[in-house]
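Quick notes on the structure that follows.
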Amino acid sequence: MLYERPHLASKVKQLSPLWQQLFFDGSDEDHQILERAARELLLDIDGNTGFDELYGDNPPKHFLTELMIALLPNLESFVAEIEYSIPDEDLATFYRFLDSRFKRLEPQNGGISGLPNIRALGFTKEGSWGFSLATPGIAVLLNAAPNLERLVFDGTHGVGGVYREWVENMDLMASGLRNLRVLSITNSVLGNNEEDFEFGQLRRIVQLCIRLEVFRFNSIGLFPNELDDGHLPPGRFVEALDSVKETLTGLDIDIGESCPPEPADDWMLTSQSMTSFERLESLRLDELSFCLHWVDVVTDRSPRSSTTCLTDILPETVRFLTVRLVHEGQAWNDLCHLAHLADKEFPRLESVIVEQNETWGGRTMKHAVREAFEQSRARLSFVDRGYYYGEETQFDDVYDYDR
1 MLYERPHLAS
11 KVKQLSPLWQ
21 QLFFDGSDED
31 HQILERAARE
41 LLLDIDGNTG
51 FDELYGDNPP
61 KHFLTELMIA
71 LLPNLESFVA
81 EIEYSIPDED
91 LATFYRFLDS
101 RFKRLEPQNG
111 GISGLPNIRA
121 LGFTKEGSWG
131 FSLATPGIAV
141 LLNAAPNLER
151 LVFDGTHGVG
161 GVYREWVENM
171 DLMASGLRNL
181 RVLSITNSVL
191 GNNEEDFEFG
201 QLRRIVQLCI
211 RLEVFRFNSI
221 GLFPNELDDG
231 HLPPGRFVEA
241 LDSVKETLTG
251 LDIDIGESCP
261 PEPADDWMLT
271 SQSMTSFERL
281 ESLRLDELSF
291 CLHWVDVVTD
301 RSPRSSTTCL
311 TDILPETVRF
321 LTVRLVHEGQ
331 AWNDLCHLAH
341 LADKEFPRLE
351 SVIVEQNETW
361 GGRTMKHAVR
371 EAFEQSRARL
381 SFVDRGYYYG
391 EETQFDDVYD
401 YDR
């Protein structure tokens, strides 16, 4: 057991979601050993370690995660699973024993938080359904990690109606967000309701990230029935980032074909959207975020002749640009137009990556774009989007936090 070998426990720097079978086989002996470890680590409330009758039908799993976190004093990064099937009234139990431990140890540690070495943290859905950002355990871990630099939410659907008042208590996360440099929200959805609730919660989270340098969002892998009011448009994401416009150097927004632009005219980024981001160097967008030719497709209008969709929204500071094409892409001519203007109007532009699914074709237009960029200093490359979006990439910010 690690708790009997503290010199080994002190060497562990990363922790993935646990397979409880590796640590607990259900035997009385295992039960007694783990209970003893929990008490020695102050993972108890009024003498109860919470190992029994906790977390629904699968008691040990989540408590084992708390136990492992407590056992590893030099932990720098980990990913925690949040189970969707747990009833709302039971969500408060998530990490409550760690929370109790942190509060009891803080006076002994001179006020130092419970996880001072954590630099990267991820929360992911367990199974195919998303989790709520209002899950209390999230705030518990963020409060204990004042030196956190990278945070990933993978598979969230924002905050459900049952937690509408939670937005007023969002400052509970402040301790873990004030030094954050990278915020990634992946495989997730944020609705565009009339009350602007999801927008408001995103904006407040960003406001708490006073040193944020990189923001990523992608909605690949939607959850059923989560978007009755449609998805939050790209322009609202940019608006929510207003408080970090002086620190942000990287922006990645990928809503793509999961939510078609409707109403299209209000969906796209505009020339005014990006002008205030004076330090932005890396920009990654799907074409449905900016390509006005899709307005013509969606509304059955006559195709417009203008090819300035991309150059109109591109900040002069951008050095690295990635454009994700969708099926029957409409942004090919806009890419050619960028190539012709790049050296003069975007002299800092070094690299343009075009992502597309190779099975969608477009060979003729790809050739035209290649020819256009032969006259530009900017390097052009194509990436097969079907390969790029592997399941393994969403936690790169957690496990490869030195990059």
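To convert, note that position 350 of the sequence shown is 350 in UniProt numbering; the numbers rise steadily by one, no gaps.
From the three backbone atoms N, C-alpha and C, an ideal C-beta is built for every residue, glycine too.
Check	Outcome
Per DSSP, the bridge partner or partners of F215	L183, L251
Check whether E81 and R119 have beta carbons under 8 Å apart	no
Touching by the beta-carbon criterion (3+ pairs, under 8 Å), the segment 135 to 144 and the segment 172 to 184	yes
Status (buried if at least 16 other CB within 10 Å, exposed otherwise) for L98	buried
C-alpha gap between S16 and P73, whole angstroms	16 Å
Burial state of D384, where buried means 16 or more other Cβ atoms lie within 10 Å	exposed
Coil, strand or helix - S132 by DSSP	coil
Length of the line joining the Cα atoms of L34 and S113	24 Å
Spatially closest choice to G250 from Q272, L269, L285, S271, by CA coordinates	L285
Residue from Q330, R348, P347, F346 with nearest C-alpha to V369	Q330
G329 - DSSP class collapsed to helix/strand/coil	coil
Proximity of F199 and L232 at Cβ, strictly below 8 Å	yes
Cross-strand partners of D334 (DSSP beta bridge)	Answer is none; D334 lacks a bridge partner.
Helix, strand or coil at S175 [DSSP, three-state]	helix
CB of I253 within 8 Å of CB of F277, strictly	no
DSSP bridge partner residues for S351 (one or two, in chain order)	F320, R379
Contacts around M170, its chain only, beta-carbon distance under 6 Å, and the 5 residues preceding and following it disregarded	R204
Simplified DSSP state of E53, which is helix, strand or coil	Confidence in E53 is poor, its pLDDT being 47 and thus under 50, which makes the residue's placement unreliable; the coordinate value appears in the next sentence. Coil at E53, not helix or strand.
Other residues of its chain near T317: CB distance less than 7 Å, five sequence neighbours each side excluded	E278, R279, L280, E281, R348
With 16 other Cβ atoms within 10 Å as the buried cut-off, status of H367	exposed
Identity of the residues DSSP links to V152 by a beta bridge	G122, S184
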